[in-house]
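Going by my numbering, the first residue of the sequence shown is number 3, and it counts up by one from there.
Note that the Cβ used here is the ideal one computed from N, Cα and C, for glycine as well.
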Amino acid sequence: MLKMEAVTKTYNHRRPAIDVLSDVSLEITQGDFVSIVGPSGSGKSTLLLMLGGMLSPSAGRVEIDGQSIYDLAPDQRAALRGRKIGFVFQTFSLVPYLSALENVQMPLLLAGFDEQDQKKRAVRLLERFGLGDRLEHKPCELSVGQQQRVALARMLANDPGVILADEPTGSLDPETSAQVVGFLDQMNQDGRTVVMVTHDPGVASRAKRTLKLYDGRISHGGTMNSISVQNETPM
Ligand SMILES: Nc1ncnc2c1ncn2[C@@H]1O[C@H](COP(=O)(O)OP(=O)(O)O)[C@@H](O)[C@H]1O
Ligand SMILES: [Mg+2]
């Protein structure tokens with residue numbers, strides 16, 4: 003279970019200070035599949051980073067499975083994040099000089115697996131994403147869609163219960179994008195919670211429900227299939 007209680011975020015290390023979110027509360031139960039939509043600059047990435055334990059709120063609480071994560075010491079919070087959360091970014095954030103295999107091994111190395119187990123598990127994951135014949139390729143030697151699949155494989159390495167995806171299809175063509183959403187859907191069917199930020203109404207509609215951000219606040223929509231994301235008047 004992910005929970006935000008009266009969360010406010012102001013970026014105030016630059017002038018002018020920017021109030022991004024005000025008094026946002028939400029609950030996402032285990033196994034849910036939620037999309038987050040809203041105009042550019044509305045705070046979607048900020049919200050996702052705070053949910054995942056990567057960015058402290060200015061006020062309010064964020065809980066993962068009942069644990070108030072920003073009350074933890076930074077190293078404890080990092081450990082919790084490593085155990086429970088998988089991130090996917092629009093820009094994949096693969097390490098450019100490592101092979102696909104090494105990129106997927108990285109979180110396993112950090113989690114203390116020995117090298118043989120790292121390799122075995124990383125190969126299995128890459129095969130699952132259809133990249134069994136691209137193990138030694140560097141990111142720049144892969145197509146954009148293949149890079150995103152390496153990022154998905156790496157994200158699954160630690161078997162996270164929660165997946166946070168920020169515009170995971172933002173750099174992909176429609177076909178590749180549909181494939182990535184299909185993978186996220188599969189991960190949700192495996193029982194993982196998926197929270198996905200997206201600009202694309204078609205992609206958003208694949209989630210079980212949609213949250214809309216507008217002007218620093220969140221509105222809780224119903225199931226998305228019947229609602230148009232683009233045309234709905236905010237709040
Ligand atoms: N690290 C930061 N420092 C200062 N301002 C930021 C920072 N990150 C984002 N912002 C500002 O906060 C607002 C929300 O950004 P963001 O969460 O990235 O929105 P979105 O993902 O919906 O496009 C924007 O106005 C942006 O300029
Ligand atoms: Mg963003």
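How long is the line joining the alpha carbons of residue i and residue j, rounded to whole angstroms?
| i | j | result |
| --- | --- | --- |
| Pro240 | Gly84 | Any answer about residue 240 is impossible in this case: the structure gives the chain only from 3 up to 237. |
| Val231 | Phe91 | With a pLDDT of 37 at Val231, under the threshold of 50, the predicted position of this residue should be treated as unreliable, and no value is reported. |
| Arg194 | Gly184 | 14 Å |
| Leu128 | Gln188 | 15 Å |
| Gln148 | Ala180 | 13 Å |
| Met52 | Ser37 | 16 Å |
Which class does residue i belong to by DSSP, given the choice of helix, strand or coil?
| i | result |
| --- | --- |
| Arg16 | coil |
| Val125 | helix |
| Glu138 | coil |
| Lys46 | helix |
| Glu143 | helix |
| Ala206 | helix |
| Leu133 | coil |
| Tyr99 | coil |
Comparing alpha-carbon positions, which option in the options lies nearest residue i?
| i | options | result |
| --- | --- | --- |
| Pro98 | Leu144, Gly54 and Ile220 | Leu144 |
| Gly33 | Leu82, Asp67, Thr171 and Ala102 | Asp67 |
| Lys11 | Gln188, Ile20 and Lys5 | Ile20 |
| Ser42 | Glu138, Ser70 and Val199 | Val199 |
| Thr171 | Arg156, Phe89 and His201 | His201 |
Between residue i and the rest of its own chain, which residues show a CB-CB distance below 7 Å, the 5 nearest in sequence each way excluded?
| i | result |
| --- | --- |
| Ile87 | Gly54, Gly55, Pro162, Val164 and Leu166 |
| Gly40 | Lys46, Lys214, Leu215 and Tyr216 |
Could you give the residue range of the alpha helix (DSSP H) that holds residue i?
| i | result |
| --- | --- |
| Ser179 | Pro176 to Gln191 |
| Gly147 | Val146 to Leu158 |
| Leu82 | Pro76 to Lys86 |
Output yes if chain B places a C-beta closer than 8 Å to the C-beta of residue i; else output no.
| i | result |
| --- | --- |
| Val36 | Note that chain B does not occur in the displayed structure, where there is just one protein chain. |
Short of 6 Å in beta carbon distance, which residues of its chain neighbour residue i, apart from the five on each side in sequence? Order them along the chain.
| i | result |
| --- | --- |
| Ser228 | Low local confidence applies: a pLDDT of 34 at Ser228 is under 50, so the model's placement there is unreliable, with the coordinate-based value given in what follows. Answer for Ser228: no residue qualifies. |
| Glu65 | Lys5 |
For the beta strand (DSSP E) holding residue i, just list the boundary residues, first then last.
| i | result |
| --- | --- |
| Val199 | Thr195 to Val199 |
| Leu103 | Unbroken run through Leu103 is the alpha helix (DSSP H), Ala102 to Leu112; no beta strand (DSSP E). |
| Glu169 | Where Glu169 is concerned, there is no enclosing beta strand (DSSP E), given that its DSSP letter is neither H nor E. |
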